[in-house]
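In mature numbering (1 follows the signal peptide of the UniProt record, and there is no 0), the protein residues as written are -21 to -1, 1 to 324. Yeah, the Cβ is synthetic: ideal placement off N, Cα and C, and Gly gets one too.
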Ligand code: GTR
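Have a look at this one:
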């Protein structure tokens, strides 16, 4: 390659870098802002905070995080800057949640399945088949009862700012998986919480709780046989390339939560506390729209990739099998389950 060509390609690479940087709404290095946020950039931020997410930069939860950061910047006239750290840059979810509890990290977007280990009430979302569909789930999440549940996080030193969409979770395995009976004896990774462990036992399988970031290599090496997640996570984690059997049982709908450290929140003046809540709530519709688009794209990609997919026409046998899990926790989650039932009507 001659020098001229080299210079040309280096220049275009640099240019591509600049264009890409210009697209990201909040940079982890503190440089760039979207055009929307640029207006507010006239003022230098006086407060910079961090938000951790396990997913890659283009994942719909991270897009929601960035929208939230952009809205906070706008509403505070550029005074408050939130840097979004995607791809588990600040650590695996459980460790991040611990840091948020202590105030060392100000925000995280995390699965309520992970938070269940810190706040009992959040565990209700890990119970199987409590929602009929997306509409039922969001009717509950948007209700006064759903908000009460979000507010209850303060007892565990978190401020629940908003729920984000996470679709439904399905099992996938390295081994054949075309019926509920195939799960028997399989080693299945779950998000660590006691309800998930009971749920897997009810399916006559054995539960292996582990951090999300360790699942790919554990599937690849056969330390575990199976895992479960929604379409976008199955896609972006590349689990679909090593666990190529998917069954669409939809056993859980576990919403995501955007939360702030209570330690950090309590230090804010009232005006800024309001900004946090308002910006988070305003980011929800955007996140849900992005979720829908991404979920569809992931499903198409996975279907085209030659994964063996089994549709479940009748979930009744699945619901019957996991009934003992619901029964075990029914008393503990009496109020939450009643509120979820109410949202069905
Ligand atoms: C995803 C969720 C992540 C993470 C992951 C898991 O659906 O968005 O926050 O909790 O599941 O299975 O660990």
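In terms of Cα proximity to residue 318, the closest of 251, 92, 122, 90 is 122.
For residue 149, the enclosing beta strand (DSSP E) starts and ends at 148 to 152. In this structure, 37 is the residue among 62, 119, 37, 68 with its C-alpha nearest to the C-alpha of residue 273.
For residue 244, the enclosing alpha helix (DSSP H) covers residues 241 to 245. For the set 170, 82, 53, the Cα lying nearest the Cα of residue 245 is the one of 82. The straight-line gap separating the alpha-carbon atoms of residue 301 and residue 181 is approximately 5 Å.
If only uninterrupted beta strand (DSSP E) runs of at least 3 residues are considered, those enclosed by the segment 48 to 104 are 59 to 64, 86 to 90.
DSSP places residue 155 outside both helix and strand once states are collapsed to three, so it counts as coil.
Under the criterion of beta carbons closer than 8 Å, residue 266 and residue 143 qualify as touching, at roughly 5 Å.
Two segments are said to touch when three or more pairs of C-beta atoms, one from each, lie closer than 8 Å; by this definition the segment 194 to 204 does not touch the segment 252 to 264. Secondary structure of residue 197 (DSSP, three-state): helix. Taking residue 239 as reference, the option from 35, 207, 63, 104 with the minimal CA-CA separation is 63. The Cβ atoms of residue 176 and residue 92 do not sit closer than 9 Å to each other. Following the DSSP letters along the chain, one finds residue 300 inside the alpha helix (DSSP H) bounded by residues 295 to 300.
Put simply, of 129, 53, 70, 195 the residue whose alpha carbon is nearest the alpha carbon of residue 234 is 129. 23 is the residue among 304, 23, 33 whose C-alpha sits nearest the C-alpha of residue 53.
In this structure, the CA atom of residue 219 is about 16 Å from the CA atom of residue 34.
Bounds of any alpha helix (DSSP H) do not take in residue 28; it lies within the beta strand (DSSP E) bounded by 26 to 31. Ranked by Cα distance from residue 223, the first of 152, 253, 298 is 152.
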